[in-house]
Structures are given as C-alpha cells and as structure tokens.
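Have a look at the structure below, then the notes.
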Amino acid sequence: MKLKKPEIKQNIKQFIVKPGRKVNLKSFDTGWAQNEGMKLLGEERSKDLLVEMLENDRTALASVQDVLWSARSHAVLIILQGMDTAGKDGTIRHVMSGVNPQGCSVHGFKVPTDEEHNHDFLWRYSKVLPQRGEIGIFNRSYYEDVLVVKVHPDILSDLAPDIGTDAKKFWDGRYKDIVSFEKHLVRNGTLILKFFLHISKKEQKKRLLDRLEHKEKYWKFSVADLAERQYWDQYTKAYEDMLQATSTEFAPWFVIPGDYKWVARTAVAEAIVTAIKGLNLSYPKVSDDEVKLLMDAKKKLEAE
Ligand code: ADP
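Numbered per our numbering, the sequence shown spans residues 4 to 307.
Right, dumping it as structure tokens:
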C-alpha cells in the first residue's frame, strides 16, 4: 500500500484489509502520514496538523456517542491488537478522552485463568461485550487465541481440544469460529471495528529502550516483552494469516500505521467516527402527543 498525502480522512479506507486478499505486512508503511507529511510540510507542521485532526475527531466522537447512547439500537465493539509497545493503552486514553464514561467500557485480557480455560475460547470475551448504546473496547481480545497461542502452541490448555496432526485445520477452525461469532454479533446490532497497530521492529526497540532510560517508565518494561521480541517473525506471520482469514465486509480489520503515535491515534479516531456516522442514527423521535405533554409540563413549571 502506497499512500501519497497525509490526508487521513480521505485515505481511511486504504487501511482496511480487503476480505480474502493475501496480506503482506511489509506493504503497509508503519510510518505513513508523518513521513509523507514531513516531505510536504516539514516535521513539526506535519505533527501539528495531525494532532489538530485528532482534536477535531475527539469532539466528533463525543457527539456521535451521544446519539448512539440515546438511540440504543446498536453497540460498538472496538478491538485493539498489536505487538508489545504498539501503543494500545495510549490510543485508548487519547481517542476516548472526550467520551462520556457512562456509555463506554474497556476490557483488557491477560493469560486465561483456570476457570476461563474450562470454557470454550470465546466465553470470557462474550461475557463482557458492550450493550446497545455502549462503546466497548477490547485491549487484546479473542484474537490472542490465534496469535500468542499460535506462536506458542504449548500454552494451549490441556483441557481444550488438541491441535492433533493437522495444525492448519485446527487454526482454520478457530478463524471460522471467530468469523461466525462476529457475524452473529453484527446481525444483532453490533458494529465491530478492529485495529491492528502496526509498528516496525526498529520502533519497538526504541520504545523498549525508552522504558529503560527513564526511571518513571521502568514499571512499563517487562522482560517478557524482550523474550517475545525474539518471535517477531512468527508473530508477523500469525498476524498476516489472521488478518487474511478474519477481515470481512461486516467486521473489517484496519492496519494502522503505528510508528508515530499521533498518526495512529488520529487514524483510529477517524475510522471510529466515520463508522458510527455510517450507522445513520438519530435521537429518538418524540411524538406530537408526547410534545404536548412536555409543553404542558413546561407551563406548569413556569407557573410555579
Ligand atoms: P499488555 O501487554 O496488554 O499491557 P500484559 O503485560 O499484562 O498487558 O500482557 C498480557 C499478556 O497476556 C500478554 O503477554 C498476552 O499475550 C497474554 N494473553 C492475552 N490473552 C491470552 C490468551 N488468550 N492466551 C494466552 N495468553 C494471553
């Protein structure tokens, strides 16, 4: 994918993984927008412009959320995936900072507990799906079950069905389960948006080192992240297979350029706003009789 100008609004569709199309992550530029913008506008101006776009999108998101909440006809499920340090937490913090917390939930998923292992792999996620009117964010998701588990198949629970002799069949089965699950959710009024925050290996090194260079960031560093970095190529392959198998017309994957945080955040915000607007929701209609009742109430109050 080669994008020319840093016009995220116009180019948002370019981030979508076309259903069924073979995915090669090398063809998605992790530094897009800032790199292009730098050539056209200079480093600072490009950043300022993109940050300004994010500010506008935050305001727009707050207003579309208000309509979503009042209409109560749809739920929005936002899924964030990415390599360690890809910026999932920061994206949630910056993109959602303007929305009403009452209509928003965030769930992070760690290594499953014994209880979770005792159920089908989608169980723990389906328990915390957003209700109609709500925006639900999954910081990691059931996609971990075809990513980290695929890279390290030994962590599959002993209680789960065995991979058996045909590994491809096993993973294809999981992709199909996920696609069917999402189809079910969409049919029932959930808008699903899935974002892969795509960073380069070089950028991950920079971010890991940054955590080791500032005392106040030490807590963010995990030795496990360094161990996982050794599996970069295996993760890349697992992501490519997963994106290809699970990006659908009804629940698309967006590959978001992640090397510059302000680009990633703006692109995610823009995609969410565009998709919610696309639902064409409106505030609940008030009938003539109800308006009459309201006006009577107004008169009574004014007469007090
Ligand atoms: P994060 O990196 O998202 O900030 P943590 O550092 O606590 O949060 O990492 C969560 C860990 O849980 C990750 O290493 C991730 O791979 C792991 N994990 C999440 N879901 C699963 C799963 N279904 N099976 C195995 N491991 C999982």
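Beta carbons: idealized from backbone N, C-alpha and C, even for Gly.
Can you find the residues in the same chain that come closer than 8 Å, C-beta to C-beta, to residue i, ignoring five residues on each side of it along the sequence?
i, result
"Phe-184", "Leu-125, Ser-129 and Tyr-145"
"Asp-291", "none"
"Met-298", "none"
"Pro-319", "A question about residue 319 goes unanswered here, because the residues of the chain that appear run from 4 up to 307."
"Lys-5", "Caution is warranted here: a pLDDT of 44 is assigned to Lys-5, below 50, making its placement in the model unreliable, and the coordinate value is therefore given only provisionally. Cβ neighbours of Lys-5 beyond the five flanking positions: Asp-32."
What residues in its chain sit with their C-beta under 7 Å from that of residue i, if we drop five residues either side in the sequence?
i, result
"Ala-89", "Leu-200, Ile-202 and Gly-261"
"Met-86", "Ile-202, Gln-207 and Tyr-238"
"Gln-68", "Val-102, Asn-103, Gly-106 and Ile-138"
"Thr-269", "Ile-11, Leu-53, Met-56, Leu-57 and Asp-60"
"Arg-75", "Arg-135 and Gly-136"
Alpha carbon to alpha carbon, how far is residue i from residue j?
i, j, result
"Leu-229", "Lys-205", "13 Å"
"Lys-218", "Tyr-178", "41 Å"
"Glu-273", "Leu-211", "28 Å"
"Thr-116", "Leu-159", "12 Å"
"Leu-304", "Val-294", "15 Å"
"Ser-100", "Arg-61", "7 Å"
"Lys-29", "Ser-225", "27 Å"
"Glu-119", "Arg-127", "6 Å"
If I'm right that residue i touches residue j with Cβ under 8 Å, what's the distance once you round it to whole angstroms?
i, j, result
"Ala-241", "Lys-172", "With a Cβ gap of about 16 Å, Ala-241 and Lys-172 do not count as contacting."
"Leu-71", "Phe-198", "With 8 Å as the limit, Leu-71 and Phe-198 do not qualify as a contact, their Cβ atoms being about 18 Å apart."
Leaving out five residues on either side along the sequence, give the residues of the same chain with a beta carbon under 6 Å from the beta carbon of residue i.
i, result
"Ser-285", "none"
May I ask which residues mark the beginning and end of the alpha helix (DSSP H) holding residue i?
i, result
"Ala-89", "Careful: Ala-89 lies outside any alpha helix (DSSP H) and carries neither H nor E."
"Ser-49", "46–74"
Measure the Cβ-Cβ separation of residue i and residue j and say whether it is below 7 Å.
i, j, result
"Pro-104", "Ser-250", "no"
"Arg-214", "Lys-208", "no"
"Ala-248", "Leu-196", "no"
"Phe-257", "Phe-18", "yes"
"Asn-142", "Gly-111", "yes"
"Val-98", "Val-271", "yes"
"Ala-267", "Ile-275", "no"
Over the uninterrupted beta strand (DSSP E) stretch that includes residue i, give me the two end residues.
i, result
"Phe-141", "138–142"
"Ser-108", "107–111"
"Ile-275", "Element bounds for Ile-275: not the beta strand (DSSP E) but the alpha helix (DSSP H), 264–281."
"Leu-196", "193–201"
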